[in-house]
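Everything below concerns the one structure shown next.
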Amino acid sequence: MTNFDDLTLLNDVLRAIYSADTADFPQVLDDLTAASARWVPGAQEAGITVTSRQNEVSTPSVTDDCARLLDEFQQRYLEGPCLHAAWTRKVVVVDDLRTDSRWPKYQADALARTPIRSILSLPMYAGELSMGALNFYAERPHAFSDDSRRMAALFATLGSLAWSNVVRTKQFKEALSTRDMIGQAKGILMERYELDDETAFNTLIKLSQSMNTPLRDIARRVIDDTTQR
9 MTNFDDLTLL
19 NDVLRAIYSA
29 DTADFPQVLD
39 DLTAASARWV
49 PGAQEAGITV
59 TSRQNEVSTP
69 SVTDDCARLL
79 DEFQQRYLEG
89 PCLHAAWTRK
99 VVVVDDLRTD
109 SRWPKYQADA
119 LARTPIRSIL
129 SLPMYAGELS
139 MGALNFYAER
149 PHAFSDDSRR
159 MAALFATLGS
169 LAWSNVVRTK
179 QFKEALSTRD
189 MIGQAKGILM
199 ERYELDDETA
209 FNTLIKLSQS
219 MNTPLRDIAR
229 RVIDDTTQR
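FYI, the numbering for the sequence shown is 9 to 237, going by the working numbering.
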């Protein structure tokens, strides 16, 4: 790929970040990962690791199956540089996997089953959450320089922006859906019991409080009860 093609791809990633919806987010991640693997000095492959509070590990985007295999080791042992970066919100550098024994089980499998010797992992943020990492891999020990880290940090920031944008979009859609559902439930109560708008809304709130149930769920029950009649 030429430098012009690289710049075009990077420009496409930047534009996609600000227009990304939940449906096209996987493609945004793929574009980001592909661009970062080409731009970060020393990197041969790249991937994104995502982890949840339930210690589930997924790999939504990789440039090579080797990166996916390394994440499988992390899922198996719940240890490794990518998880460490995500959980601690700190950059992790493995200069030589042969001598870095911070994650011994991961190290043993990675050395036995992959040619990777250098790893650079950077946390990706979504608001106050740090549940992901952007990772770079190389077969040569000591592959990543200070320039590598600076460029990698740029892409991790771009990834965080994309992630946060999708989270905000999803939250906004959920808020609109909740508002519409509550409005529909209010209308049902107003018609059925001849209540005014404020009284109908207060009734929903009291039901929510007395049943210790979210207002959205109370509204859904009112709507479901009406449709089943």
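From the three backbone atoms N, C-alpha and C, an ideal C-beta is built for every residue, glycine too.
Shorter than 8 Å, the distance from the beta carbon of residue i to the closest heavy atom of the ligand FAD, or not?
i, result
"Thr-165", "Because no ligand of any kind appears in the structure shown, any question about the ligand FAD cannot be addressed here."
What is the DSSP secondary structure of residue i, counted as helix, strand or coil?
i, result
"Ile-124", "coil"
"Asp-225", "helix"
"Phe-144", "strand"
"Gly-195", "helix"
"Met-139", "strand"
"Val-230", "helix"
"Ala-42", "helix"
"Thr-67", "strand"
"Ala-151", "coil"
"Met-9", "Residue placement at Met-9 is poorly supported in this model, since its pLDDT is 44, which falls under 50; the coordinates still yield a value, given next. DSSP places Met-9 in coil when its eight states are reduced to three."
"Thr-57", "strand"
"Pro-49", "coil"
"Thr-132", "According to the sequence displayed, residue 132 carries Met and not Thr. It is a strand residue."
"Val-99", "coil"
"Gly-88", "coil"
What do you reckon, are the CB atoms on residue i and residue j nearer than 9 Å?
i, j, result
"Gly-140", "Thr-57", "yes"
"Ser-156", "Ala-51", "yes"
"Val-48", "Phe-163", "yes"
"Val-230", "Leu-212", "yes"
"Thr-122", "Leu-78", "yes"
"Asp-104", "Ser-126", "yes"
"Ala-54", "Tyr-145", "yes"
"Val-99", "Pro-149", "no"
"Ser-69", "Pro-34", "yes"
"Ser-44", "Met-198", "no"
"Val-36", "Ala-161", "no"
Quick one: is residue i buried, meaning 16 or more other Cβ sit within 10 Å of its Cβ, or exposed?
i, result
"Ala-120", "exposed"
"Asn-143", "buried"
"Ser-66", "exposed"
"Ala-75", "buried"
"Gln-82", "buried"
"Glu-182", "exposed"
"Leu-184", "exposed"
"Ser-168", "buried"
"Asp-116", "Going by the sequence as given, residue 116 is Ala instead of Asp. Exposed is the call here."
Do the stretch 78-92 and the stretch 110-119 meet, that is, are 3 or more Cβ pairs less than 8 Å apart? Counting Cβ pairs under 8 Å, three or more are found: they touch.
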